[in-house]
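S.K.:
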Amino acid sequence: MRFENFIGNRRVVERLRLKLREGRFPHGLIFTGPEGVGKRTFALMLAKALNCAESGPDEFCDECSQCRKIEAGTHPDVLTLGLEDEASEIKIAQVRSLLQMLELRPSEGRNKVFLVDPADAMNAASANALLKGLEEPPENSYFILLSPNPQSLLITVRSRSQTYPFLPLTIDEMRAFSSDELALRWSRGSIGKLKTLDLDALRQRRGVALGFLETAIRAGEQELRNLIGASAEIARSKSDFDPNMDTLAVLVEDLLYCSEGLTDKIVNVDLEKNLARLASEIEAPQLVRIADFLRTIEIHANNYGNRQMLTDMLALTSNTFVGKFADDIPGKSR
Ligand SMILES: [Zn+2]
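In our numbering, the protein residues as written are 1 to 334.
1) Alpha carbon to alpha carbon, how far is Leu184 from Ser178?
2) In terms of residue numbering, what span does the beta strand (DSSP E) encompassing Gly189 cover?
3) Please give me, in chain order, every unbroken run of the alpha helix (DSSP H) with length at least 4 that falls completely inside the segment 158-221.
4) Rounded to whole angstroms, what is the Cα-Cα separation between Gly56 and Glu63?
5) Could you name the residues of the same chain whose beta carbon sits closer than 6 Å to that of Phe212, not counting the 5 residues immediately before and after it, in chain order?
6) Tell me whether Thr170 is buried or exposed, calling it buried when 16 or more other Cβ atoms sit within 10 Å of its Cβ.
7) Let me have the residue list for ligand 1: C-beta closer than 7 Å to any non-hydrogen atom, ordered along the chain.
8) Going by other Cβ atoms of all chains shown within 10 Å of its Cβ, with 16 needed for buried, is Gly331 buried or exposed?
9) Under 7 Å Cβ to Cβ from Glu335, same chain only, skipping five residues before and after it: list those, please.
10) Classify Phe241 as helix, strand or coil using the three-state DSSP reduction.
11) Count the other C-beta atoms from every protein chain shown that fall within 10 angstroms of the C-beta of Ser147, then say buried if there are 16 or more, exposed otherwise.
12) So, for Cys258: in the same chain, excluding its five sequence neighbours on each side, which residues have a beta-carbon less than 6 Å away from its beta-carbon?
13) Return the chain-ordered list of same chain residues with a C-beta closer than 7 Å to the C-beta of Glu272, the five sequence neighbours on each side being excluded.
14) Applying the criterion that 16 or more other CB atoms from any shown protein chain within 10 Å of the CB defines a buried residue, is Leu199 buried or exposed?
15) Helix, strand or coil for Thr32 per DSSP?
16) Below 8 Å CB to CB, which residues in the same chain sit around His27 once its five sequence neighbours on both sides are set aside?
17) From Leu316 to Asn5, what distance separates their C-alpha atoms?
18) Taking the alpha carbon of Ser97 as the point to measure from, which residue in Glu86, Lys69, Leu79 has its own alpha carbon closest?
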């Protein structure tokens with residue numbers, strides 16, 4: 001694989017290749033953006049270009065021993081600082097041992113490249129220690145910090161580095177990796193998500209979530225108890241709860257697109273007819289209220305005991321009969 005084969009985020013790729021060509025490659029880089037869009041892959045490509053024995057300065061061969069060792073993660077001058085087993089933070093001791101390496105000359109390659117992944121796992125002490133390396137980096141050493149959540153990095157770390165945002169891939173860019181329309185749309189521009197997506201499990205979860213919405217929206221006055229049964233099913237297992245809520249959120253978003261006539265934006269393309277029918281049975285403001293309630297659940301669902309209560313409330317919020325009643329409460333501001 002070469003730079004030209006890297007899919008998505010071409011502007012970032014070309015800007016940093018230019019810096020390699022011009023010999024002014026930044027010593028501190030921060031790559032931001034969602035998981036699975038190629039931040040780490042591209043960082044390793046840069047490490048190869050900085051060390052490749054055959055091509056350069058803005059290209060790499062991917063075949064020489066330097067490139068191959070970097071690919072295999074065994075190059076002594078290209079190191080990743082990450083989470084150790086079961087740890088939730090990058091420890092200061094890890095940063096210190098990395099900084100000791102900083103003092104030494106590269107042992108095999110031309111340049112030392114240190115990846116910090118994920119950089120937001122550094123606590124304040126670790127980040128402050130790393131700052132020392134970023135403040136006075138030796139000429140032949142480079143730091144690349146990968147962070148989905150750059151706001152959590154120390155401002156001093158950010159100010160010593162150049163930040164490059166990575167965007168989700170477009171559907172057309174994603175087509176290089178799959179031809180399944182549903183998988184492409186569910187992955188939301190993340191190659192990582194696409195590669196780990198279990199379509200069978202997704203379809204099953206989606207069936208349950210759609211069944212819940214249909215019951216919740218359509219249940220009449222006499223059938224309100226059905227709502228509770230339907231909500232029990234999606235709230236039953238703790239491990240399935242978050243994926244179920246995500247699935248519901250995507251379906252509700254699709255319903256909103258249907259009601260706005262933006263059907264080309266829907267994720268669940270294979271369910272378009274069902275979704276359009278369901279969307280025609282519910283008013284748009286009520287759909288917005290369901291979407292808002294799903295966000296509330298996202299915030300509060302860590303409390304184990306609350307799951308069923310939250311989904312009961314979601315069912316009631318979604319119900320056309322009860323929902324209308326809520327609309328009629330005088331003086332309710334929206
Ligand atoms: Zn090479």
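Where a beta carbon is used, it is the ideal one built from N, C-alpha and C, also for glycine.
M.R.: A quick look at the data gives this:
1) The alpha-carbon atoms of Leu184 and Ser178 are separated by roughly 7 Å.
2) Per DSSP, Gly189 belongs to no beta strand (DSSP E) and is neither H nor E.
3) Entirely contained in the segment 158-221, the alpha helix (DSSP H) runs reaching 4 residues are, in chain order, 171-174, 181-186, 191-196, 199-218.
4) So the two alpha carbons sit approximately 13 Å from each other.
5) Ala230, Ile234.
6) Only exposed fits Thr170, as fewer than 16 other CB atoms lie within 10 angstroms of its CB.
7) Taking every residue with its beta carbon within less than 7 Å of a heavy atom belonging to ligand 1 gives, in chain order, Lys48, Cys52, Ala53, Glu54, Ser55, Phe60, Cys61, Asp62, Glu63, Cys64, Gln66, Cys67.
8) For Gly331, the predicted model reports a pLDDT of 45, less than 50, meaning its position is unreliable and no value from the coordinates is stated.
9) The structure shown does not extend to residue 335, since the chain is modelled only from 1 through 334, so no value can be given for it.
10) Reduced to three states, the DSSP call for Phe241 is helix.
11) Classification for Ser147: buried.
12) Cβ within range, chain order: Leu275, Ala276, Ala279.
13) Apart from the 5 residues on each side of it in sequence, Glu272 sits with its Cβ closer than 7 Å to the Cβ of Thr263, Ile266 in its chain, given in chain order.
14) By the neighbour-count rule (16 or more Cβ atoms within 10 Å), Leu199 is not buried but exposed.
15) Looking at Thr32 - three-state DSSP - the assignment turns out to be strand.
16) Excluding positions up to five away in sequence, the list reads Leu134, Pro137, Ser141, Tyr142, Phe143.
17) Taking the straight line from one Cα to the other gives about 50 Å.
18) If we check each option's Cα against that of Ser97, Leu79 comes out closest.
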